[in-house]
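What follows is a short report on a single structure.
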Amino acid sequence: MLAAAGVRKQFGALAALGGVDLDVGPGDAIGIVGPNGAGKTTLLNVLAGTMAPSGGTVSFRGADVTRSSAARRARLGIARAHQVPRPFGAMTVFENCLVGATAGGGLRRRAAYARCLEVLELCGLIELADRRADSLGLLGRKRLELARALATDPVVLLLDEIGAGLTDAEAAELVAMLKALRGEQGLAVVWIEHIVHVLVQVVTRLVCMDAGRVISDGEPAAVMRDARVVDAYLGTAAA
Amino acid sequence: MNEPGTKIQRWTPVSSSFTSGFGLLIVALAFVPVVMGASIVQDLTTLLILVLMAVMWNALAGYGGLVSVGQQAYIGLGAYATVWFALQGVNPYWGMVLATVFCALVSVPLSFIVLRFRGAQFAIGTWVVAEAIGIYVSFDNQLGAGTGTSLSQLDSYASTTREHITYWLTLGMTAFFVLLVFALLRSRLGASLQAIRDDEEAAASVGVSVLGGKRILFILASAGCGAAGAMTVANILFIEPTSIFSVNYSAFMIFMVLVGGLGTFEGPIIGAIILYFIQKQFGNDGTWYLIGLGSSAIVFALLFPRGLWGMLEERTGLRFMPVGYRVKRSASPHEAGP
Ligand SMILES: Nc1ncnc2c1ncn2[C@@H]1O[C@H](COP(=O)(O)OP(=O)(O)O)[C@@H](O)[C@H]1O
Ligand SMILES: [Mg+2]
Numbered sequence: 008m009l010a011a012a013g014v015r016k017q018f019g020a021l022a023a024l025g026g027v028d029l030d031v032g033p034g035d036a037i038g039i040v041g042p043n044g045a046g047k048t049t050l051l052n053v054l055a056g057t058m059a060p061s062g063g064t065v066s067f068r069g070a071d072v073t074r075s076s077a078a079r080r081a082r083l084g085i086a087r088a089h090q091v092p093r094p095f096g097a098m099t100v101f102e103n104c105l106v107g108a109t110a111g112g113g114l115r116r117r118a119a120y121a122r123c124l125e126v127l128e129l130c131g132l133i134e135l136a137d138r139r140a141d142s143l144g145l146l147g148r149k150r151l152e153l154a155r156a157l158a159t160d161p162v163v164l165l166l167d168e169i170g171a172g173l174t175d176a177e178a179a180e181l182v183a184m185l186k187a188l189r190g191e192q193g194l195a196v197v198w199i200e201h202i203v204h205v206l207v208q209v210v211t212r213l214v215c216m217d218a219g220r221v222i223s224d225g226e227p228a229a230v231m232r233d234a235r236v237v238d239a240y241l242g243t244a245a246a
Numbered sequence: 009m010n011e012p013g014t015k016i017q018r019w020t021p022v023s024s025s026f027t028s029g030f031g032l033l034i035v036a037l038a039f040v041p042v043v044m045g046a047s048i049v050q051d052l053t054t055l056l057i058l059v060l061m062a063v064m065w066n067a068l069a070g071y072g073g074l075v076s077v078g079q080q081a082y083i084g085l086g087a088y089a090t091v092w093f094a095l096q097g098v099n100p101y102w103g104m105v106l107a108t109v110f111c112a113l114v115s116v117p118l119s120f121i122v123l124r125f126r127g128a129q130f131a132i133g134t135w136v137v138a139e140a141i142g143i144y145v146s147f148d149n150q151l152g153a154g155t156g157t158s159l160s161q162l163d164s165y166a167s168t169t170r171e172h173i174t175y176w177l178t179l180g181m182t183a184f185f186v187l188l189v190f191a192l193l194r195s196r197l198g199a200s201l202q203a204i205r206d207d208e209e210a211a212a213s214v215g216v217s218v219l220g221g222k223r224i225l226f227i228l229a230s231a232g233c234g235a236a237g238a239m240t241v242a243n244i245l246f247i248e249p250t251s252i253f254s255v256n257y258s259a260f261m262i263f264m265v266l267v268g269g270l271g272t273f274e275g276p277i278i279g280a281i282i283l284y285f286i287q288k289q290f291g292n293d294g295t296w297y298l299i300g301l302g303s304s305a306i307v308f309a310l311l312f313p314r315g316l317w318g319m320l321e322e323r324t325g326l327r328f329m330p331v332g333y334r335v336k337r338s339a340s341p342h343e344a345g346p
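Shown next, in the form of structure tokens:
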């Protein structure tokens, strides 16, 4: 449904992505792991349209979207939560979501309001709905990042380390929330996260990246046992 | 699931009384010529033009992130187009309205050029466009070339009548554009425009068409500054290219908006009132005067990044013009009632 084929991204001499293939099917839940600098965020940027790839194509529901803007992809149903939250600081939490619901989701007035209240409730932000977004702490900002993405009524949700820095209880809450979303709406999720034991509670497929390439892709337990994955994490001591 | 008691409120008691106060003020201002003397009418005309300029520059920079130093292009064009229409035999006051429309039309093709640029490039690009238009006009003999021209068609009016009509038209134009910005910010597009203001890339990532939003603001600000130029020629009667296409206009707009509050609805109006009194006190020219204005604008921007109004809003949590949304929840599910 959302597919990257042979995607390359070059930053000067550095090949941040060196030919990546990834196919996300309807309702899939895919986790992406890999050491820092592996190219995970860059891959998400290319999928979301924030960055144009240096080579390869991105397609969504059979149409080539490689040249489509991030805004257009958001309207088509590809939503994204940033690794470093980017709230609309001078707007309230509710208004942040409203932008997603109207611009991305194409909803109007009551339908848009209802959608926003629903996602705020789900993300545990309803009490903070009237707060200015720049007054939120990191946890609040991360939740808002997720709520705003959900407000666009997505088909695929791209998450970048939204679990980082959460306590065990908060992580458990996040897991429950994502499971509920997948169950209710058949939402496909691509989730970058370092905390694998949290990740595997939601995802059914794991992709491991290293140095701009996918080095392993499959059932989570199998990927975690893969010698190449172990190497990537422990350095090449075992080689 | 959201509780049945949850409502989205757009008007608060504070904002409704403030907005009605604003409406009443406009009505009251319309009666000024009836009860006040000529000098006050002229002063208020000047002030209203400043308000219009500030509100337009704020629409561009405060919401679109488009820091223009070329708004004098439309001030000059609005003024000269008024003269040109008058030369074609159009009633000069109708000419002012046509000049405003003309500026909006001219800005459409220009937007395709300058909106390709960002940040400092955009600022310089708009300035270059303004200079180019100014130079072009200064070679037009029909429009008085470099020595300037006057709107002599207004001489057929008695001076009091002329001043009154000019005042009413200025009030009407300023009110129209201020209300247009208000309506725009309250509309479905308004939240998107504010999102562009806060973080362009994040706005795009949730589906906001950033370029489209900016184009609307650019055309709006061009029309508004065109109107301000048309009102200026009606107010001072004589124009020449170097002063009406002067970059000082952009400097004034920047000052008013930074001091009042960039990206706030009310701030630019406060800024315009402040600049008006400064101009009254210290005159309107001279190197030191401009340096003083520039440095105070910078100090303000550093100390109060959201200007006087932004600071007030942050401290008090009050919002006077209802361009936002409030989530009104019933305190507990057991408490019934509306
Ligand atoms: N905008 C950029 N300009 C230059 N280099 C970048 C940029 N974004 C990422 N990189 C580089 O690309 C590599 C992959 O980065 P990233 O995708 O952020 O990794 P990850 O998210 O897996 O930690 C890193 O070496 C990083 O320094
Ligand atoms: Mg990353």
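Order-wise, the sequence lines are chains D and L. Everything in the first sequence is counted per our numbering, starting at 8 for the first residue and increasing by one. Everything in the second sequence is counted per our numbering, starting at 9 for the first residue and increasing by one. Positions of the beta carbon are idealized from the N, C-alpha and C atoms, including for glycine. Just so you know, these numbers come straight off a predicted model, no measurement behind them.
Residue range of the alpha helix (DSSP H) that includes residue i
| i | result |
| --- | --- |
| residue 250(L) | 249-252 |
| residue 307(L) | 295-311 |
| residue 123(D) | 116-129 |
| residue 164(D) | No alpha helix (DSSP H) holds residue 164(D); the beta strand (DSSP E) holding it covers 163-167. |
| residue 138(L) | 127-146 |
Check: residue i C-beta below 7 angstroms from any heavy atom of ligand 1
| i | result |
| --- | --- |
| residue 48(D) | yes |
| residue 170(D) | no |
| residue 243(L) | no |
| residue 21(D) | yes |
| residue 43(D) | yes |
| residue 18(D) | yes |
CA-to-CA distance, residue j to residue i, given in whole angstroms
| i | j | result |
| --- | --- | --- |
| residue 333(L) | residue 221(L) | 20 angstroms |
| residue 206(D) | residue 8(D) | 22 angstroms |
| residue 316(L) | residue 307(L) | 12 angstroms |
| residue 245(L) | residue 284(L) | 20 angstroms |
| residue 264(L) | residue 178(L) | 19 angstroms |
| residue 72(L) | residue 200(D) | 34 angstroms |
| residue 214(D) | residue 170(D) | 17 angstroms |
| residue 268(L) | residue 115(D) | 33 angstroms |
| residue 90(L) | residue 106(L) | 8 angstroms |
| residue 146(D) | residue 174(D) | 10 angstroms |
| residue 341(L) | residue 106(D) | Because residue 341(L) sits at a pLDDT of 46, beneath the cut-off of 50, its placement in the model cannot be relied upon, and the following sentence gives the value as read from the coordinates. Going from the Cα of residue 341(L) to the Cα of residue 106(D) covers about 28 angstroms. |
| residue 84(L) | residue 304(L) | 26 angstroms |
| residue 291(L) | residue 138(L) | 25 angstroms |
| residue 11(D) | residue 59(D) | 12 angstroms |
| residue 13(L) | residue 214(L) | 28 angstroms |
| residue 158(D) | residue 104(D) | 6 angstroms |
| residue 136(D) | residue 257(L) | 40 angstroms |
| residue 145(L) | residue 164(D) | 54 angstroms |
| residue 101(L) | residue 79(L) | 22 angstroms |
| residue 86(D) | residue 237(D) | 31 angstroms |
| residue 187(L) | residue 329(L) | 11 angstroms |
| residue 97(D) | residue 95(L) | 48 angstroms |
| residue 21(D) | residue 102(D) | 39 angstroms |
| residue 346(L) | residue 15(L) | For residue 346(L), the pLDDT reaches just 36, beneath the cut-off of 50, and the residue's location in the model is therefore unreliable, leaving the point undetermined. |
| residue 225(L) | residue 68(L) | 6 angstroms |
| residue 157(L) | residue 201(L) | 39 angstroms |
| residue 143(D) | residue 91(D) | 14 angstroms |
| residue 132(D) | residue 266(L) | 33 angstroms |
Residue i Cβ short of 7 angstroms to ligand 2 heavy atom set
| i | result |
| --- | --- |
| residue 217(D) | no |
| residue 208(D) | no |
| residue 287(L) | no |
| residue 80(L) | no |
Segment limits, beta strand (DSSP E) that includes residue i
| i | result |
| --- | --- |
| residue 20(L) | Here residue 20(L) belongs to no beta strand (DSSP E), and DSSP marks it neither H nor E. |
| residue 197(D) | 195-199 |
Residues of the region 99-119 of chain D in Cβ contact with chain L at a cutoff of 7 angstroms, in chain order, please. 99, 101, 102, 105, 106, 107, 109, 110, 111 and 115
Short-range partners of chain D found in the region 321-334 of chain L, where Cβ spacing is below 7 angstroms: 332, 333 and 334
What are the residues of the region 190-219 of chain L that lie near chain D, defined by any Cβ-Cβ distance shorter than 8 angstroms? 196, 199, 200, 202, 203, 205, 206, 207, 209, 210, 211, 212, 213, 214, 215, 216, 217 and 218
Got a sec: which bits of the region 135-154 of chain D sit with their beta carbon under 7 angstroms from any beta carbon on chain L, in order along the chain? For the region 135-154 of chain D, which is checked against every Cβ of chain L, the residues closer than 7 angstroms are 136 and 137.
Near-chain L residues of the region 70-87 of chain D (beta-carbon distance less than 7 angstroms), N- to C-terminal order: 76, 77, 78, 81, 82 and 87
Contact set between the region 179-205 of chain D and chain L, restricted to residues whose Cβ is under 9 angstroms from the partner: Legend: CB atoms of the region 179-205 of chain D lying less than 9 angstroms from CB atoms of chain L are not found in any residue.
Please list the segments of the alpha helix (DSSP H) lying wholly inside the region 154-227 of chain L, counting only runs of 4 or more residues, in order along the chain. For the region 154-227 of chain L, the full-length alpha helix (DSSP H) segments reaching 4 residues or more read 167-194, 196-206 and 208-213 along the chain.
Members of the region 259-277 of chain L that neighbour chain D once the beta carbon cut-off is set at 8 angstroms: Those residues of the region 259-277 of chain L that come within reach of chain D (Cβ to Cβ, closer than 8 angstroms) are 271.
Taking a Cβ distance cut-off of 8 angstroms, strictly less, list which residues of the region 28-54 of chain D are near chain L, in chain order. none
Chain D contacts from the region 12-29 of chain L (Cβ-Cβ distance under 8 angstroms): 14 and 16
Residues of the region 208-242 of chain D with Cβ closer than 8 angstroms to any Cβ of chain L, in chain order: none
Entirely within the region 24-67 of chain D and at least 3 residues each: give me those beta strand (DSSP E) ranges in chain order. 36-40 and 62-67
What are the complete alpha helix (DSSP H) segments, minimum 4 residues, inside the region 30-74 of chain L? 40-43 and 46-66, all fully within the region 30-74 of chain L.
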